[in-house]
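There are 2 protein chains.
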Amino acid sequence: MAGVREQNRAETTARILAAARAEVAEHGADMSMRAVARRVGLVSSAVYRYFPTREALLTAMVVESYGRLDRALASADDADLPGGERWAVLGRATRAWAKDRTHEFQLIYGTPLPGYAAPPETVPAAAAVASHFLRVGAGSPVEGFGGVTLEGQLAGLVDEGLAASASGAAAVLAELAALVGFVTLELGGHLVGTADPAEPLFEALLARQARTLGLDGG
Amino acid sequence: MAGVREQNRAETTARILAAARAEVAEHGADMSMRAVARRVGLVSSAVYRYFPTREALLTAMVVESYGRLDRALASADDADLPGGERWAVLGRATRAWAKDRTHEFQLIYGTPLPGYAAPPETVPAAAAVASHFLRVGAGSPVEGFGGVTLEGQLAGLVDEGLAASASGAAAVLAELAALVGFVTLELGGHLVGTADPAEPLFEALLARQARTLGLDGG
DNA sequence: CACAAGCAAGAGCACCGCTCTCGAAAGGCA
DNA sequence: TGCCTTTCGAGAGCGGTGCTCTTGCTTGTG
Chain A
0 MAGVREQNRA
10 ETTARILAAA
20 RAEVAEHGAD
30 MSMRAVARRV
40 GLVSSAVYRY
50 FPTREALLTA
60 MVVESYGRLD
70 RALASADDAD
80 LPGGERWAVL
90 GRATRAWAKD
100 RTHEFQLIYG
110 TPLPGYAAPP
120 ETVPAAAAVA
130 SHFLRVGAGS
140 PVEGFGGVTL
150 EGQLAGLVDE
160 GLAASASGAA
170 AVLAELAALV
180 GFVTLELGGH
190 LVGTADPAEP
200 LFEALLARQA
210 RTLGLDGG
Chain B
0 MAGVREQNRA
10 ETTARILAAA
20 RAEVAEHGAD
30 MSMRAVARRV
40 GLVSSAVYRY
50 FPTREALLTA
60 MVVESYGRLD
70 RALASADDAD
80 LPGGERWAVL
90 GRATRAWAKD
100 RTHEFQLIYG
110 TPLPGYAAPP
120 ETVPAAAAVA
130 SHFLRVGAGS
140 PVEGFGGVTL
150 EGQLAGLVDE
160 GLAASASGAA
170 AVLAELAALV
180 GFVTLELGGH
190 LVGTADPAEP
200 LFEALLARQA
210 RTLGLDGG
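These protein sequences, in sequence, are chains A and B. Numbering follows numbering that gives the first Met the number 0, in which position 182 of the first sequence is assigned residue number 181; successive positions increment by one, without gaps. Numbering follows numbering that gives the first Met the number 0, in which position 158 of the second sequence is assigned residue number 157; successive positions increment by one, without gaps.
Below is the structure:
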């Protein structure tokens, strides 16, 4: 099994992915297949043997980027920290990752490509990222966040062991949206005239989130 | 003054802008100058007499979209409502506008075009949108949100009469980020597996924001 | 050894942003 | 009125794009 042919194919696939990532890092999400091809020393039509379409390549990159953010969060997380500080560490890691890899962040959370719908294979990767935050939030479940409809929607997360309570999971999701929104605004330059640099406002946001989620003990 | 020539020029400019908006609404932000030109019955090179570059056209559309969101918020706002409900109305109007005009929302708050920096002429338009929320937040200033550095950054907003206190303005900005983040995630399909439909989570978010901002009286 | 599959290359199609040149129309002025 | 300058639309063209198709070479297999 895994003959030379399969291995070469896998290697070339990986080289294309790496080239695409470099291309996106340097020139943004408007990555061109021809530029990627040039980078790996191929003619553009050859790349289509490995990724049938530009969108397929981007989707593969999205999955990869979720994995990278997941690993960044895993290595930043520290279960020994008190809840509020542990949440803050995850939040700072997310922001730092986004600022370090702007285009990758926007690949995941930015404007969807026209006519693009997140393919199923990205869902578990996205869930892995969210689970870090859900784990911390589970330490101190919030009650009374949302009504029965919302609780019903999120009951699945509790069943899968991703959350301690549906209400707490909802609160965490809302705070995740706040983190994504903050970073989106910062990367988009929307805070330039006001909260710039953005650290103080971000730290205040993290403190507020810890209070809202009841992570500071009590 | 305002001879026939100037008027014709203004009319054609407006027709191009309208065509561009329609094009973006139908095909997303990857609008093409040639498609816009076809829509107004011009050849592509003629469009460049009115907008020297694709980016210039997009910038004009961004300003226009800020204005539209501003008007949507102005017509939804109701100063007679109690603070929490008034905030919720603005939040719902923002979300409704974004869902109705997805591409326009993403033009403003989505992934910046590669190499794109928000031009100065967009700043007042963006401030007008934020001011609606700051006005409501001013009704019940939050204390102790952020430290002296943050207060110093936002002192300008207080001076301009846009906010009652720097601390309150900071809290409002953070909640604005939460709104943008929520809508971004929803439009990007990131809530599909969990809080879908998203209304219940959004309403829970609005309720939490009213509590956080102290808008429910007390 | 012969055959089939896999692959890179190249040409080509329709589209893109943008530039340049040209001719026609339009307004100002003597 | 007649000229002259400015404005503007059209068209061709450049280098780029995503993607397809054909052509041959290579490579592993029966």
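All C-beta atoms, glycine included, are put in the ideal place defined by N, C-alpha and C.
Distance, residue j Cα to residue i Cα
{"i": "B/Met60", "j": "B/His131", "result": "21 Å"}
{"i": "A/Gly146", "j": "A/Ala78", "result": "30 Å"}
{"i": "B/Glu10", "j": "B/Ala36", "result": "15 Å"}
{"i": "A/Val182", "j": "A/Met32", "result": "28 Å"}
{"i": "A/Arg207", "j": "A/Ala173", "result": "13 Å"}
{"i": "B/Ala127", "j": "A/Gln6", "result": "57 Å"}
{"i": "A/Glu255", "j": "B/Trp96", "result": "Since the first residue of chain A shown is 0 and the last is 217, residue 255 of chain A is not available in this structure."}
{"i": "B/Val62", "j": "B/Arg38", "result": "21 Å"}
{"i": "B/Leu56", "j": "A/Thr211", "result": "42 Å"}
{"i": "A/Ala73", "j": "A/Pro118", "result": "24 Å"}
{"i": "B/Arg53", "j": "B/Thr148", "result": "39 Å"}
{"i": "A/Ala169", "j": "B/Asp99", "result": "25 Å"}
{"i": "A/Ser44", "j": "B/Arg20", "result": "34 Å"}
{"i": "A/Ala24", "j": "B/Val3", "result": "49 Å"}
{"i": "A/Arg94", "j": "B/Val171", "result": "20 Å"}
{"i": "B/Val46", "j": "A/Asp76", "result": "53 Å"}
{"i": "A/Glu159", "j": "A/Thr101", "result": "32 Å"}
Boundaries of the alpha helix (DSSP H) in which residue i is found, first to last residue
{"i": "A/Ala117", "result": "Unbroken run through A/Ala117: none, as it is neither H nor E."}
{"i": "A/Val141", "result": "Element bounds for A/Val141: n/a, residue is neither H nor E."}
{"i": "B/Phe181", "result": "Ala165 to Leu186"}
{"i": "B/Ser74", "result": "Arg53 to Ala75"}
{"i": "A/Ala36", "result": "Met32 to Val39"}
{"i": "A/Glu103", "result": "Thr101 to Tyr108"}
{"i": "A/Pro111", "result": "Where A/Pro111 is concerned, there is no enclosing alpha helix (DSSP H), given that its DSSP letter is neither H nor E."}
{"i": "A/Phe201", "result": "Glu198 to Thr211"}
{"i": "A/Glu159", "result": "No alpha helix (DSSP H) contains A/Glu159, which DSSP labels as neither H nor E."}
Sequence-distant residues of the same chain with beta carbon closer than 6 Å to residue i, five excluded per side
{"i": "B/Gly90", "result": "Leu178 and Leu205"}
{"i": "B/Leu190", "result": "Leu184 and Ala197"}
{"i": "A/Asp29", "result": "none"}
{"i": "B/Ala87", "result": "Leu205"}
{"i": "A/Gly138", "result": "Gly82"}
{"i": "B/Leu214", "result": "Gly82, Gly83, Trp86 and Ser139"}
{"i": "B/Ala165", "result": "Glu150, Leu153, Ala154 and Val157"}
{"i": "B/Ala71", "result": "Ala92 and Trp96"}
{"i": "A/Val135", "result": "Arg85 and Trp86"}
{"i": "B/Ala163", "result": "Ala137 and Pro140"}
{"i": "A/Ala18", "result": "Val35, Arg38 and Val39"}
{"i": "B/Leu226", "result": "Lying before the first or after the last residue shown, residue 226 of chain B is absent from chain B, which here runs from 0 to 217."}
{"i": "B/Glu142", "result": "Ser166"}
{"i": "B/Arg8", "result": "none"}
Same chain only: Cβ atoms within 8 Å of residue i, ignoring 5 sequence neighbours per side
{"i": "B/Leu175", "result": "Ala129 and Phe132"}
{"i": "A/Leu80", "result": "Val88"}
{"i": "A/Met0", "result": "Here the model assigns A/Met0 a pLDDT of 46, short of 50, so the residue's position is not dependable, and the following value carries that caveat. For A/Met0, where only same-chain residues beyond five positions count, there are no Cβ hits under 8 Å."}
{"i": "B/Ala124", "result": "Val61, Val62, Tyr65, Gly66 and Asp69"}
Cβ-Cβ separation, residue j to residue i (assumed contact under 8 Å), whole Å
{"i": "A/Ala222", "j": "A/Leu200", "result": "In the structure displayed, chain A extends from 0 to 217; residue 222 of chain A sits before or after that span and is not available."}
{"i": "B/Arg110", "j": "A/Thr110", "result": "With the sequence shown as reference, residue 110 of chain B is identified as Thr, and Arg is not the correct amino acid for it. The Cβ separation is near 4 Å, so the contact holds."}
{"i": "A/Gly188", "j": "B/Ala116", "result": "6 Å"}
{"i": "B/Gly180", "j": "A/Val122", "result": "So it is not a contact: roughly 19 Å between Cβ atoms."}
{"i": "A/Ala209", "j": "B/Phe144", "result": "Contact flag wrong, Cβ pair sits at about 13 Å."}
Cutoff 7 Å; reference residue i; Cβ partners in own chain excluding five residues on either side
{"i": "B/Ser64", "result": "Glu103, Leu106 and Ile107"}
{"i": "A/Tyr49", "result": "Thr11, Thr12 and Ile15"}
{"i": "A/Ala34", "result": "Glu22"}
{"i": "A/Leu41", "result": "none"}
Below 9 Å between beta carbons is the criterion; list the residues of the stretch 175-190 of chain B that meet it against any residue of chain A, in chain order.
With the criterion set as a beta carbon lying under 9 Å from some beta carbon of chain A, the members of the stretch 175-190 of chain B are Leu175, Ala176, Ala177, Leu178, Val179, Gly180, Phe181, Val182, Thr183, Leu184, Glu185, Leu186, Gly187, Gly188, His189 and Leu190, in sequence order.
For the stretch 68-88 of chain B, list every residue whose C-beta sits within 8 Å of some C-beta in chain A, in sequence order.
none
Short-range partners of chain A found in the stretch 138-157 of chain B, where Cβ spacing is below 8 Å:
Phe144, Gly145, Gly146, Thr148, Leu149, Gln152, Leu153, Gly155 and Leu156
Quick one, which residues of the stretch 120-132 of chain B are near chain A if we go by CB-CB under 7 Å, in chain order?
Val122 and Ala125
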